[in-house]
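Novice: Quick note: the sequence shown uses our numbering, first residue 40, plus one each step.
We put the CB at the ideal spot given by N, CA and C, even for glycine.
Quick caveat: nothing in here was measured; it's all calculated off a predicted structure.
Take a look at this one; I'll ask things after.
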Amino acid sequence: MVDDGQRLACFDRAADADPGVNSANQKLSVEAGTSKPTIVPPPSKTDTKAGVWEIGRQRSEIAGTDDVFLSVWGTPYRGRYGKNVVPVLWVRCHEKKTGVMVVWGSYLGLDETRVEWRIDEGGRSTGSWRISSDREAVGLWTGASAIPFIRTLLGKNRIAMRVIPYGEDPAETVFPITGLDKQIGEVKSACGWK
Numbered sequence: 040m041v042d043d044g045q046r047l048a049c050f051d052r053a054a055d056a057d058p059g060v061n062s063a064n065q066k067l068s069v070e071a072g073t074s075k076p077t078i079v080p081p082p083s084k085t086d087t088k089a090g091v092w093e094i095g096r097q098r099s100e101i102a103g104t105d106d107v108f109l110s111v112w113g114t115p116y117r118g119r120y121g122k123n124v125v126p127v128l129w130v131r132c133h134e135k136k137t138g139v140m141v142v143w144g145s146y147l148g149l150d151e152t153r154v155e156w157r158i159d160e161g162g163r164s165t166g167s168w169r170i171s172s173d174r175e176a177v178g179l180w181t182g183a184s185a186i187p188f189i190r191t192l193l194g195k196n197r198i199a200m201r202v203i204p205y206g207e208d209p210a211e212t213v214f215p216i217t218g219l220d221k222q223i224g225e226v227k228s229a230c231g232w233k
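Put into structure tokens, the structure is as follows:
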């Protein structure tokens with residue numbers, strides 16, 4: 040720990056100081072396991088930012104790239120031991136690679152898992168998504184899989200998603216994705232696609 044504030048935040052997370060928020064409800068600034076994350080608490084139920092795309096930028100000095108991250112909070116689901124967990128949907132350009140990931144905040148398994156989704160009132164889709172190194176997120180980690188998926192979201196209002204965490208009941212959330220078509224420009228530009 041670098042400072043008292045970080046240490047205190049760590050103890051609060053470990054003690055689950057706020058019963059409505061646990062460590063799984065925190066947003067990470069980058070894919071788990073790739074670098075030290077920046078933790079952001081989830082919005083409260085009255086937070087006007089809930090459902091609004093947030094944009095983050097980060098310089099990778101090693102790769103020499105300017106990375107862009109878009110994120111939006113989903114609706115909470117009841118996780119292990121009855122805790123409310125708030126998933127986060129990420130659309131990003133990280134070191135010139137486009138990716139999409141959903142941080143579920145629950146242990147999902149080892150390599151890949153089945154993800155179901157429905158965009159607006161369209162039909163249900165299913166796919167196999169790779170699991171992150173911390174085992175709590177799923178993603179389409181390459182542009183070849185992420186870009187076509189992102190394009191299906193443009194101009195749409197919501198995406199309902201479901202995954203089954205290992206040994207648990209299905210987890211389901213709805214992400215408000217209105218406005219992604221207005222925010223995606225920086226991701227496209229940073230990763231060089233149209």
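Given a cut-off of 8 Å on the beta-carbon distance, is the pair R169 and G178 in contact?
Specialist: Taking 8 Å as the Cβ cut-off, R169 and G178 qualify as a contacting pair.
Novice: Quick one: residues in its chain with C-beta nearer than 6 Å to the C-beta of S164, no 5 flanking neighbours on either side, listed in chain order?
Specialist: Closer than 6 Å at Cβ, skipping near neighbours: W156.
Novice: Can you tell me the Cα-Cα spacing of P187 and D220, whole angstroms?
Specialist: Spanning the two alpha carbons is a distance of roughly 14 Å.
Novice: Under the three-state reduction of DSSP, which class applies to Y116: helix, strand or coil?
Specialist: DSSP places Y116 in strand when its eight states are reduced to three.
Novice: Looking at the structure shown, is L67 part of a helix, part of a strand, or coil, going by DSSP?
Specialist: The predicted position of L67 is uncertain, since its pLDDT is 45 and thus under 50; a value taken from the coordinates is nonetheless stated next. L67 falls in the strand class under three-state DSSP.
Novice: Quick check: V107 and V226, are their CB atoms within less than 8 Å of each other?
Specialist: The answer is yes: Cβ separation under 8 Å.
Novice: In three-state DSSP terms, what is I198?
Specialist: I198 falls in the strand class under three-state DSSP.
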